[in-house]
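Here the structure is laid out as structure tokens; the discussion comes afterwards.
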Amino acid sequence: MFLTISLSGDAANPATDLGYLLHKHPGKAQRFSTSYGTAHVFYPEAGDARCTAALLLETDPAALVRRGKGKGRGGAPDAALAQYVNDRPYAASSLLAVALSGVFSSAMRGVCAARPERAAAPLPLRIEVPALPARGGAPLVRALFEPLGWRVDAEPVPLDTEFPQWGDSRYVRLVLASETLTLAEALRHLYVLLPVLDDAKHYWVSADEVDKLLRAGEGWLPGHPEQQLITSRYLSRRWSLTRQAREALELVRLAEADDSEVEEIDNAVGEETEAEEKPTPLAAGAARVLDLGCGQGQLVQELLKDIRFTEIIGVDVSVRALTIAARRLKLDRMGERQASRVQLMQGSLAYTDKRLKGYDAAVLSEVIEHLDLPRLPALEYAVFGHARPRTVVVTTPNVEYNVRWETLPAGHVRHGDHRFEWTRAEFRAWATDVAERHGYDVEFAPVGPDDPEVGPPTQLALFTIRAEKEAKAA
Ligand code: SAH
22 MFLTISLSGD AANPATDLGY LLHKHPGKAQ RFSTSYGTAH VFYPEAGDAR
72 CTAALLLETD PAALVRRGKG KGRGGAPDAA LAQYVNDRPY AASSLLAVAL
122 SGVFSSAMRG VCAARPERAA APLPLRIEVP ALPARGGAPL VRALFEPLGW
172 RVDAEPVPLD TEFPQWGDSR YVRLVLASET LTLAEALRHL YVLLPVLDDA
222 KHYWVSADEV DKLLRAGEGW LPGHPEQQLI TSRYLSRRWS LTRQAREALE
272 LVRLAEADDS EVEEIDNAVG EETEAEEKPT PLAAGAARVL DLGCGQGQLV
322 QELLKDIRFT EIIGVDVSVR ALTIAARRLK LDRMGERQAS RVQLMQGSLA
372 YTDKRLKGYD AAVLSEVIEH LDLPRLPALE YAVFGHARPR TVVVTTPNVE
422 YNVRWETLPA GHVRHGDHRF EWTRAEFRAW ATDVAERHGY DVEFAPVGPD
472 DPEVGPPTQL ALFTIRAEKE AKAA
């Protein structure tokens, strides 16, 4: 895997400044060991008029497999072989992106003590990736890079030059040029978009991938016409994560907009996403909320950013998840005021718990499917019968959508710990029955793109307590 970054210049602004900007001396070749191979940085040319840095990544497929990072999901029998015999060493553009962020981390943040003015300025840049796996081909490459200010030359690479009749491979030779971007912006575009084009991130996606995406996408990803595709591909289609990231991006977009624009965007967002995003009933007067089965605390973190939520309680049975959540939220370093708004509690939703009584709203996001079916009535009673929040939002995967996840062998549940996954009809039947027995009304909404045939990836039920409605009407 190979890419080059070139800067043009003249006597006044020598191109060799690239060495300062990348924090890598043009005069020496350097190597960096990474967990999946070795990255080399060297300069094929270094003159005043033009300076080119090359990043070469030699991956070690055996190391990838040993670390469990080369593992595909699903575990089909021949996947064992595919782990070793694949194009990873040649075309691991996801790994190249990871290497890029490791080797050029300061440059990616725009830090350069020696040439601060050059780091902050748009530069005449050229980037070349001779063999880039591009699912979606040249048109998608253009759709991703052109809106960001790049001139794009993406040429399909033939499978075999001696046998043109075999057609094109799934690779393109990519050349990007721009005079309007800083080096940091350029690197952050590559960091996000190379894996998006590769679309085969064979190592595990961790929860902090969302944070990384938000950080690298700052300033350009919110508002990109292909934002949704970029986000969902980047996160390897793990829908619950994708959804959280998109919600967070929505918030960023609103925060970035002028006051005058806010209303307009608010409306546009509402229109665009009404059918596919969960309605945000939480915002409707809910100040004290429960995140039941909060996991690693992503939603708690989002809710904390909104000052309308005065009390946010995250509950989970897993101490490990709560520890990670506490670290994510930086609970130990939080100011008194913030800290008074949030609390993490260990507890099982299969038991009634006095601490959870009397809240405005509760969310169970991708939680019910983690309980054994025979335990579900216990959760129903604890939440709807005992805690009785005024509003309850429950989401769970829609099993019908599983045929759309390309990497998922049909008929398998998505997550190792899912005890069951329901069709839309099964979820409706369950929710309607729960609502009936506990005095709630229930409405349904899709989460994610609503496929005409199989429905959305995730389904949502919104329960509203009946007494509440009557009280309001009176
Ligand atoms: N709500 C988060 C996490 C979903 S994963 C999200 O949407 O991303 C499901 C979570 O439910 C896990 O963290 C698991 O520990 C928790 N869980 C499973 N059974 C539980 C139970 N009986 N009581 C409380 N939490 C439970």
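In this note's numbering, the protein residues as written are 22 to 495. Built from N, CA and C at the ideal position, the CB exists for glycine as well.
Residues near residue i by beta carbon distance below 6 Å, same chain, minus five either side
i, result
"A383", "L311, L313, P410 and V413"
"H61", "R52 and L77"
"T25", "T73, A75 and E149"
"A50", "F63"
"T59", "R52 and E79"
"F465", "A482"
"E285", "Below a pLDDT of 50, predicted positions are generally treated as unreliable, and E285, at 33, falls in that range; the measurement from the model is reported next regardless. Excluding sequence neighbours, E285 sits near nothing in its chain."
"D31", "none"
Minimum C-alpha distance to residue i - residue among the options
i, options, result
"L343", "R354, L242, Q317 and A142", "Q317"
"A33", "L116, R139, W241 and M129", "R139"
"G406", "T373, T453, T479 and P65", "T373"
"S115", "R130, P154, G131 and V132", "P154"
"P478", "E387, E323, D462 and A141", "E387"
"Y422", "Q480, M22 and Q319", "Q480"
"S27", "Y192, L204, A134 and V124", "L204"
"T444", "I328, T485, E390 and F330", "E390"
"G158", "P418, V455 and P177", "P177"
"A403", "T417, A371, V424 and S29", "A371"
"Y212", "S54, R191 and L256", "L256"
"I486", "A408, C133, G469 and Y461", "Y461"
"A135", "E474, P243, E247 and L42", "L42"
"E247", "R329, E323 and L161", "L161"
"A408", "R341, G469 and S369", "S369"
"S339", "D472, D438 and A164", "D438"
"A237", "H459, G131 and R191", "G131"
"A456", "E447, F484, T252 and D472", "F484"
Sequence-distant residues of the same chain with beta carbon closer than 8 Å to residue i, five excluded per side
i, result
"L325", "I333, L350, Q359, R362 and V363"
"W241", "L169, E206, R209 and H210"
"P47", "T37, L39, G40, Y64, A67, C72 and A74"
"D393", "R440"
"T453", "V463"
"F166", "V173, L197, H210 and L214"
"G476", "N419, E421, Y422, R445 and P467"
Range of the contiguous beta strand (DSSP E) that encloses residue i
i, result
"Y64", "G58 to A67"
"D462", "Y461 to V468"
"F23", "F23 to S29"
"L483", "T479 to I486"
"A75", "R71 to T80"
"P137", "First-last for P137: P137 to A141, but that is the alpha helix (DSSP H), not the beta strand (DSSP E)."
"I148", "L144 to P154"
"L385", "A382 to S386"
"L311", "R309 to L313"
Neighbourhood of residue i by C-beta distance below 7 Å, restricted to the same chain and skipping five residues each side
i, result
"L202", "P143, L146 and G170"
"H44", "S127 and A128"
"V321", "D312, C315, I333, G335, A346, L350 and V363"
"R309", "T331, E332, Y380 and D381"
"R449", "F465"
"P151", "F23 and R194"
"R376", "M366"
"W260", "Because the pLDDT at W260 is just 46, under 50, the model does not fix this residue reliably, and the value given afterwards should be weighed accordingly. Only G469, P478 and T479 meet the Cβ criterion."
The ligand SAH heavy atom lying under 6 Å from the CB of residue i
i, result
"E390", "no"
"V321", "no"
"V424", "no"
"V363", "no"
"L370", "yes"
"A342", "yes"
"S253", "no"
"E387", "yes"
"V338", "yes"
"G314", "yes"
Residue range of the unbroken alpha helix (DSSP H) whose run includes residue i
i, result
"L165", "G158 to F166"
"A403", "First-last for A403: undefined, no H or E at that position."
"P216", "L204 to D219"
"Q367", "Counting along the chain, Q367 falls outside any alpha helix (DSSP H), though it belongs to the beta strand (DSSP E) covering V363 to Q367."
"L42", "D38 to L43"
"L519", "Since the first residue shown for the chain is 22 and the last is 495, residue 519 is missing from the structure and cannot be characterised."
"A371", "Element bounds for A371: n/a, residue is neither H nor E."
"R349", "V340 to L350"
"V132", "Run containing V132: none; DSSP gives neither H nor E here."
Residue i CB to nearest heavy atom of the ligand GDP below 6 Å
i, result
"E239", "Ligands displayed in this structure: the ligand SAH; the ligand GDP is not among them."
Examine the Cβ distances between the segment 198-207 and the segment 168-179 and report whether three or more of them are shorter than 8 Å.
-> They touch, by the three-pair rule.
Contact the segment 62-69 vs the segment 232-252: 3+ CB pairs below 8 Å = The segment 62-69 makes no contact with the segment 232-252, as fewer than three CB pairs between them are under 8 Å.
Take every Cβ of the segment 381-398, pair it with every Cβ of the segment 358-367, and state whether three or more of those distances are shorter than 8 Å.
-> Flag = no, the segment 381-398 and the segment 358-367 do not touch.
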